[in-house]
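What follows is a set of notes on a single structure, which appears directly below.
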Amino acid sequence: MSLPIIFVIDDDQQVLRAISRDLKNHYREDYRILSTSSAKEALDSLLDLKNKGEVVALFLSDQRMPEMEGVDFLCKTTPFFPNAKRVLLTAYADTDAAIKAINEVKLDYYLTKPWDPPEEKLYPILTDLLEDWQGHYRPDFRGIKVIGYQYSPKSHDIKEFLSGYLVPYLWMDANTDEAKQAIKINNLEAKDLPAIIFADGSLLKTPAVRDIATKIGLSQSAKSDLYDVVIIGAGPAGLAASVYGSSEGLKTLLIERKTPGGQAGTSSRIENYLGFPAGLSGADLTRRAITQSARFGTDFLSPQAVKEIRLQDNYKKLILDDGTEVIAKSIVITTGVDYRQLLTPGIDKFTGAGIYYGAAMTEAASCKDKHVFVVGGGNSAGQAAMYLSKFAKEIFILIRKESLADTMSSYLIDQIGGVSNITLMPCSEITEAKGDTNLQQLAIKNLNTNEVTTVDADALYIFIGAKPYTDWLCKNIITNGKGFIETGRDLNQCTDFDKIWKSDRDPYLLETSCPGIFAAGDVRAGAMNRVASAVGEGSMAISFVHKYLNEV
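Just so you know, we're using the working numbering here: the sequence shown kicks off at 334 and counts up by one.
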């Protein structure tokens with residue numbers, strides 16, 4: 334952390350050097366001393382200091398300056414650092430102005446020139462003021478600050494993006510006093526929100542995710558013209574494939590369109606993953622995997638999506654969303670699945686404004702002491718309910734079936750049964766979501782009696798199954814009726830396989846209907862939908878990549 338600042342302003346260079354020297358001699362170990370002869374220059378620097386998370390403990394300003402009087406300068410510093418101590422440096426003739434300023438601008442003290450000896454006339458006074466300041470000082474957050482409205486979908490998307498990449502940030506609700514101060518000093522308007530203030534003091538208004546990605550150092554263009562293997566999707570399967578590909582000497586590129594980790598990355602606690610008896614969060618697993626992959630030399634593009642694959646002899650050309658191209662010898666598709674949308678009236682209107690797909694751990698703190706509903710009976714829903722129960726007053730799990738036994742792991746069912754603020758609502762479905770600018774009520778139908786009850790709801794988390802992200806694939810890659818990619822022996826039963834497959838051998842176990850293009854994880858037909866199996870398939874896919882590359 335940077336030291337707090339003592340800011341000195343005096344247009345007389347000789348006086349400025351003298352006071353700065355004395356201050357440095359006595360306070361340099363605990364404070365940074367900044368000095369300038371220009372009041373305007375000083376004011377211009379305050380916004381930058383504030384946005385960087387710096388803090389001014391004390392302003393010491395001369396009264397008679399050509400640009401503005403010291404009292405006026407100190408008054409203008411208040412919006413930036415309202416808690417800083419303010420001291421006026423005056424000539425004897427200016428003491429009346431100083432005394433008046435004590436009441437008008439909350440001046441803490443005035444010093445008359447000269448202040449020699451400082452041990453008697455300077456240090457005791459300033460030390461007393463600084464000790465008082467330290468007693469109330471709370472360090473400002475040094476890092477990314479996101480200013481926006483709680484129920485803004487754009488704000489939610491930014492928070493999810495930063496959380497997905499494990500970037501620490503401070504959320505500032507636009508309705509709080511702290512946020513209002515930041516909005517005022519940065520001259521922001523409602524149309525400029527959400528806004529992001531970065532650690533270097535720079536500011537982006539209503540930024541696109543790609544603008545944020547560039548700012549935090551994510552690469553969105555490939556470093557090489559040709560890769561041995563390109564992995565599309567950075568869920569558990571894709572991350573495992575990237576680790577094994579790079580560690581085994583393959584020139585590897587990993588492309589992710591959103592945030593790494595996939596659905597597993599949003600899980601608050603994975604308790605049945607081998608080797609972690611106390612469980613671990615999806616974010617922790619993702620962080621470990623990305624670090625491991627990067628250490629082996631994997632190139633990583635994000636947020637970047639592949640919109641098309643073109644076959645060119647033995648090479649594969651990937652066309653990215655921004656029109657750029659990447660050439661690969663082989664491809665592993667690990668795009669996973671997206672949460673299936675709930676088409677009930679009102680759901681789409683409040684998505685991102687009280688209604689969230691997936692765990693949405695970024696919004697958990699905002700659920701404190703509120704009524705929260707979770708739709709879904711799978712493990713993801715159960716894990717989310719357990720995590721949210723630490724914040725919310727009440728959690729209601731809505732399922733269409735009689736019980737969770739058929740869809741949720743028994744260890745989770747037992748945990749949920751032991752939490753007093755989680756209630757299961759079987760044989761229920763939502764018929765409508767209601768509210769003004771955000772979710773406020775849900776209409777819930779009892780499937781046994783057809784009775785509809787309207788209840789207050791502050792948040793709704795939806796886990797109603799998943800659909801594969803395969804809409805972008807070329808026709809040569811065969812999918813089943815639900816959109817999952819067919820691989821290996823199962824391809825022999827597909828209608829058009831003989832027309833598409835152009836190799837003399839049979840497809841490898843995880844190979845698609847296009848030689849050299851493999852699929853692993855939840856996107857693959859017949860996958861087990863477990864983190865461990867996805868990791869296994871991702872690593873296994875690389876062994877088949879090696880076999881394919883030896884052929885060509």
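Glycine included, each C-beta is placed from N, C-alpha and C at the ideal position. Small disclaimer: the values here were computed from a predicted structure and weren't measured.
Here's the rule: buried if 16 or more other CB atoms are within 10 angstroms of the residue's CB, otherwise exposed. What is TYR744?
Mapped onto the sequence shown, residue 744 falls at position 411. Result: exposed.
Distance, GLY798 Cα to GLN748 Cα
Looking up residue 748 in the sequence shown gives position 415. Looking up residue 798 in the sequence shown gives position 465. Those two C-alpha atoms are separated by around 22 Å.
Grouping DSSP H, G and I as helix and E and B as strand, with all else coil, what is ARG620?
As a position in the sequence shown, residue 620 is number 287, starting the count at 1. Helix, per DSSP.
Spatial neighbours of THR695 within its chain, please: CB distance less than 6 Å, with the 5 preceding and 5 following residues excluded, ordered by chain position.
Taking the sequence shown and counting its residues from 1, the one referred to as residue 695 is at position 362. So the qualifying residues of the chain are LYS492, GLU493, SER496.
What three-state label does DSSP hand VAL348 in the structure shown?
Counted from its first residue, the sequence shown places residue 348 at position 15. Helix at VAL348.
ALA867 vs ASP855 beta-carbon contact at 8 Å:
As a working mapping, residue 867 is identified with position 534 in the sequence shown. As a working mapping, residue 855 is identified with position 522 in the sequence shown. Yes. Within cutoff.
Are ASP355 and LEU444 touching if we call contact CB-CB under 8 Å?
The count along the sequence shown starts at 1 and reaches residue 355 at position 22. The count along the sequence shown starts at 1 and reaches residue 444 at position 111. At a Cβ-Cβ threshold of 8 Å, ASP355 and LEU444 do not count as neighbours.
Tell me whether ILE518 sits in a helix, a strand or coil according to DSSP, three-state version.
Counting from one through the sequence shown, the residue named residue 518 turns up at place 185. ILE518 falls in the helix class under three-state DSSP.
Have a look at PHE729, PRO801, THR787, TYR802 and flag the residue whose alpha-carbon is nearest the alpha-carbon of TYR794.
Residue numbering aside, residue 794 sits at position 461 when the sequence shown is read from its first letter. Residue PHE729 is the option with its Cα nearest to TYR794.
So, helix, strand or coil for TRP834, using DSSP?
Your numbering for residue 834 matches position 501 in the sequence shown. Looking at TRP834 - three-state DSSP - the assignment turns out to be coil, as it is neither helix nor strand.
Rounded separation between LYS703 and ALA717 - CA only
Taking the sequence shown and counting its residues from 1, the one referred to as residue 703 is at position 370. Taking the sequence shown and counting its residues from 1, the one referred to as residue 717 is at position 384. Going by the C-alpha atoms only, they are around 15 Å apart.
Kindly indicate the opening and closing residues of the alpha helix (DSSP H) around ARG543.
Translated into the one-based positions of the sequence shown, residue 543 becomes position 210. 542–548 is the extent of the alpha helix (DSSP H) around ARG543.
8 Å Cβ shell around LEU842 - same chain, five flanking residues per side excluded:
By 1-based counting over the sequence shown, the position of residue 842 is 509. Closer than 8 Å at Cβ, skipping near neighbours: THR820, GLY821, ARG822, MET873, PHE877.
What's the call for MET304, buried or exposed, on a 16-neighbour Cβ count within 10 Å?
Outside the shown range of the chain (334 to 885) lies residue 304, about which nothing can therefore be said.
Compare the C-alpha of ALA790 against each of GLN773, TYR560, SER635, ALA417 and name the closest.
On the sequence shown, position 457 is the one that residue 790 refers to. Out of GLN773, TYR560, SER635, ALA417, GLN773 has the C-alpha closest to the C-alpha of ALA790.
Measure from the alpha carbon of VAL388 to the alpha carbon of each residue in ILE339, LEU349, GLN346, then state which is nearest.
Numbered from its first residue, the sequence shown carries residue 388 at position 55. Closest option to VAL388, Cα to Cα, is ILE339.
Outcome for GLN467 when other beta-carbon atoms lying within 10 angstroms are tallied against a minimum of 16
Stepping through the sequence shown from its first residue, residue 467 is reached at position 134. Of the other Cβ atoms in all chains shown, fewer than 16 fall within 10 Å of the Cβ of GLN467; this residue is therefore exposed.
Give, in chain order, every unbroken run of the beta strand (DSSP E) that is at least 3 residues long and sits entirely within the region 720–803.
Qualifying beta strand (DSSP E) stretches, in chain order: 727–731, 755–758, 761–768, 772–779, 785–789, 792–795, 799–801.
Comparing C-alpha positions only, which one of TYR881, ILE875, SER580, ALA852 sits nearest to ARG838?
For the purposes of this step, residue 838 is taken as the residue at position 505 of the sequence shown. Of the listed residues, the one whose Cα sits closest to ARG838 is TYR881.
With 16 other CB atoms within 10 Å as the buried threshold, where does LEU607 fall?
As a first step, residue 607 is located in the sequence shown; it is residue number 274 there, counting from the start. Counting Cβ neighbours within 10 Å, LEU607 comes out exposed, since fewer than 16 surround it.
Let me know if ALA698 comes out buried or exposed under the rule of 16 or more other beta-carbons within 10 Å of its beta-carbon.
In the sequence shown, counting from the first residue as 1, residue 698 sits at position 365. ALA698 is exposed by the Cβ-count criterion.
The region 406–418 in contact with the region 497–511 per 3-pair CB rule at 8 Å:
Judged by Cβ distances under 8 Å, the region 406–418 makes no contact with the region 497–511, as fewer than three pairs qualify.
Where do the N-terminal and C-terminal ends of the beta strand (DSSP E) with GLY481 fall, by residue?
Along the sequence shown, read from residue 1 onward, the residue named residue 481 stands at position 148. Segment 477–481, the beta strand (DSSP E) holding GLY481.
Extract the residue ranges of the beta strand (DSSP E) inside the region 485–530, only unbroken runs of 3 or more that lie entirely within it.
502–506, 528–530
Where GLY571 and ILE588 are concerned, what is the direct C-alpha to C-alpha distance, given to the nearest angstrom?
Residue 571 sits at position 238 when you count from the first residue of the sequence shown. Residue 588 sits at position 255 when you count from the first residue of the sequence shown. Their Cα atoms are separated by approximately 9 Å.
Is TYR802 closer than 8 Å to THR619 when the C-beta atoms are compared?
Within the sequence shown, the letter at position 286 stands for residue 619. Within the sequence shown, the letter at position 469 stands for residue 802. Contact flag unset, no.
Beta strand (DSSP E) segment containing TYR648, residue limits:
Indexing the sequence shown from 1 puts residue 648 at position 315. Where TYR648 is concerned, the enclosing beta strand (DSSP E) stretches over 648–653.
For the candidate residues GLY386, ALA424, VAL404, ASN754, whose alpha-carbon lies nearest to that of PRO472?
On the sequence shown, position 139 is the one that residue 472 refers to. The shortest C-alpha separation from PRO472 is found at GLY386.
Any idea what DSSP makes of ILE432, helix, strand or coil?
Within the sequence shown, residue 432 is the residue found at index 99, counting from 1. DSSP places ILE432 in helix when its eight states are reduced to three.
Contact the region 769–789 vs the region 804–815: 3+ CB pairs below 8 Å
no
Beta carbon of VAL542, beta carbon of PRO636: below 8 Å?
Taking the first residue of the sequence shown as 1, we reach residue 542 at position 209. Taking the first residue of the sequence shown as 1, we reach residue 636 at position 303. Yes, they are a contact pair.
What span of residues does the alpha helix (DSSP H) with LEU379 cover, start to end?
The residue labelled residue 379 in the question sits at position 46 within the sequence shown. Counting along the chain, the alpha helix (DSSP H) containing LEU379 begins and ends at 372–384.
Give me the Cα-Cα distance between LYS682 and ARG643, rounded to the nearest whole angstrom.
Here the question's residue 682 lines up with position 349 in the sequence shown. Here the question's residue 643 lines up with position 310 in the sequence shown. Computed Cα separation, rounded: 37 Å.
Same chain, Cβ closer than 6 Å to TRP448, neighbours up to 5 away in sequence not counted:
Counting from one through the sequence shown, the residue named residue 448 turns up at place 115. If we look at TRP448 and ignore the five residues flanking it on each side, its Cβ neighbours are LYS454, LEU455.
Report yes if the C-beta distance between GLY615 and THR599 is below 8 Å; otherwise report no.
Stepping through the sequence shown from its first residue, residue 615 is reached at position 282. Stepping through the sequence shown from its first residue, residue 599 is reached at position 266. Taking 8 Å as the Cβ cut-off, GLY615 and THR599 qualify as a contacting pair.
Using only the alpha-carbon positions, how far apart do ILE545 and LEU551 sit?
As a position in the sequence shown, residue 545 is number 212, starting the count at 1. As a position in the sequence shown, residue 551 is number 218, starting the count at 1. Cα to Cα, the separation comes out at about 9 Å.
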